[in-house]
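Residue numbers (this note's numbering): 107 to 380.
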């Protein structure tokens with residue numbers, strides 16, 4: 107049976123588009139059927155040429171399946187990406203030889219119940235961001251597992267996954283959480299209160315936000331927006347539908363963290379080598 111590969115590229119990066127076309131031609135030459143639009147079909151892996159935003163877009167194709175995504179970084183930090191563009195030929199070789207491992211990433215289900223009782227639902231791999239959308243501030247009350255925790259005015263509140271802990275959450279002062287830890291983060295941004303520390307809760311907990319002002323917006327992964335208004339209840343729970351990333355090497359997360367953020371490790375000594 108012909109093997110299928112799905113290729114997604116950044117819509118506005120000519121270099122990513124050219125590389126996607128060249129890679130697709132090479133895979134086709136090797137006998138693969140390459141999809142570049144439409145449904146996922148029988149694709150065994152999705153190759154994304156772009157930044158984290160393009161990878162997040164591709165997760166809308168694969169979530170709910172075990173089809174992994176491998177990212178080639180044509181963005182900036184590209185934290186979700188596996189290799190830089192110069193590694194493209196090696197990616198083709200490893201795909202051909204089925205040389206990858208699966209990295210399971212937790213997602214969250216996000217529910218909004220408006221004051222009139224109507225409900226809407228979506229999901230997120232990185233974070234759900236409730237922000238003021240042009241308002242001076244928003245008034246919120248935070249809860250965990252049905253119990254109130256704090257109330258205050260703020261610029262934004264984030265509900266993030268471990269994958270999202272190195273994205274918006276990180277910029278807002280949240281902790282870095284290793285991706286194999288199943289947890290959810292609640293991060294106030296620029297809050298006017300004494301207790302505004304980020305919270306990290308377990309996978310069986312439920313995060314809750316009640317918004318007391320109009321004019322806010324709730325955006326998941328920078329892509330999916332749900333309507334909110336004064337009196338809305340927003341909840342986040344661990345989802346039963348993860349996203350899978352394909353790993354082509356065994357570099358631990360600590361190594362990826364240092365490389366992507368260019369962290370100073372001068373003076374570090376690996377005791378195992380002594």
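Beta carbons are placed, not taken as given, at the ideal position from N, Cα and C, and that holds for glycine.
### Task
Assuming residue 195 and residue 352 form a contact by the criterion Cβ under 8 Å, report the distance between their Cβ atoms to the nearest whole angstrom.
Not quite, the Cβ-Cβ distance comes to about 16 Å (not below 8 Å), so this is no contact.
### Query
What do you get for residue 299, buried or exposed, if any count of 16 or more other CB atoms within 10 angstroms of its CB means buried?
exposed
### For residue 350: DSSP bridge partner residues
210
### Query
Using the C-alpha atoms, what's the distance from residue 227 back to residue 238?
Residue 238 and residue 227 have their C-alpha atoms some 20 Å from each other.
### Query
DSSP state of residue 343, grouped into three classes?
strand
### Task
Whole angstroms is fine: what's the gap from residue 273's alpha carbon to residue 217's?
22 Å
### Message
One question on the structure: do residue 250 and residue 278 come within less than 7 Å of each other, judged by their Cβ atoms?
### Response
no
### Message
Quick check on DSSP: helix, strand or coil for residue 361?
### Response
helix
### Start-end ranges of the alpha helix (DSSP H) lying completely within the stretch 124–207, minimum 4 residues
Counting whole runs of 4 or more residues, the stretch 124–207 contains the alpha helix (DSSP H) stretches 158–168, 194–202.
### Query
Are the stretch 107–125 and the stretch 139–147 in contact at 8 Å, needing three or more beta carbon pairs?
Taking 8 Å as the limit for Cβ pairs, the verdict is that the stretch 139–147 does touch the stretch 107–125.
### Query
What are the start and end residues of the beta strand (DSSP E) that includes residue 112?
110–115
### Task
State the DSSP-derived secondary structure class of residue 301, mapped to helix, strand or coil.
coil
### Message
Suppose you measure from the CA of residue 118 to the CA of residue 140; what does that come to, to the nearest Å?
### Response
21 Å
### Pick from 373, 187, 170, 306 that is closest to residue 159, judged by C-alpha positions
187
#### Entry: Reduced DSSP secondary structure (H/G/I, E/B, other) of residue 266
strand
### Task
Give the secondary structure of residue 338 by DSSP, where H, G and I count as helix, E and B as strand, and everything else as coil.
coil
### Task
With distances taken Cα to Cα, identify the nearest neighbour of residue 267 among 153, 331, 254, 286.
286
### Message
Rounded to the nearest angstrom, what separates residue 247 and residue 367 at their Cα positions?
### Response
33 Å
### Query
Among the residues of its own chain, which have a CB less than 7 Å from the CB of residue 190, if the five just before and after it don't count?
179
### Message
Since residue 324 and residue 234 should fall inside the 8 Å C-beta cutoff, what is the C-beta to C-beta distance between them, to a whole number of angstroms?
### Response
6 Å
### Message
Classify residue 136: buried if its beta carbon has 16 or more other beta carbons within 10 angstroms, exposed otherwise.
### Response
exposed
### Query
Tell me which same chain residues have a C-beta within less than 6 Å of the C-beta of residue 177, skipping the five on either side of it?
154, 161, 186, 187, 188
### Query
What residue from 334, 373, 270, 258 has the CA that sits closest to residue 297's CA?
Comparing alpha-carbon positions, the option among 334, 373, 270, 258 lying closest to residue 297 turns out to be 258.
### Query
Using the rule of at least 16 other Cβ atoms within 10 Å of the residue's Cβ for burial, across every protein chain shown, is residue 209 buried or exposed?
buried
### Query
When you compare only the Cα positions, how much space is there between residue 183 and residue 359?
15 Å
### Query
Along the chain, where does the beta strand (DSSP E) that runs through residue 224 open and close?
No beta strand (DSSP E) holds residue 224; DSSP gives it neither H nor E.
### Selection from 363, 201, 329 that minimises the alpha carbon distance to residue 269
363
### Distance CB(residue 342)-CB(residue 214) smaller than 7 Å
yes
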